[in-house]
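Numbering (the numbering used here), first residue to last: 35 to 95.
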């Protein structure tokens, strides 16, 4: 089953690489070296902001 999931993911990357006029290696770098870390940092920022908002609203009770 793990092989099937991997093959499907590679197929998706190959499809998008072709659609965007890139190679598989280029799309792989964009996804796992650029987009994923940026998204992770953004989501951590959202969590921190939400925690601050919750604390601020909780103190108002």
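Just so you know, even glycine gets a beta-carbon here, dropped at the ideal spot from N, CA and C. Computed from a predicted structure; not experimentally measured.
Problem - Validate contact between the region 79-89 and the region 52-69 using beta carbons, cut 8 angstroms, 3 pairs - result: no
Exercise for the section: Please state whether DSSP places residue 57 in a helix, a strand or coil. Expected result: coil
Exercise for the section: Locate the alpha helix (DSSP H) running through residue 70, then write down its first and last residues. Expected result: Counting along the chain, the alpha helix (DSSP H) containing residue 70 begins and ends at 70-93.
Practice task
Note down, in chain order, each residue of its chain lying with its Cβ closer than 8 angstroms to the Cβ of residue 59, except the 5 sequence neighbours on either side.
Solution key: Shown here for residue 59: not one same chain residue has a beta carbon closer than 8 angstroms to its own, the five before and five after excluded.
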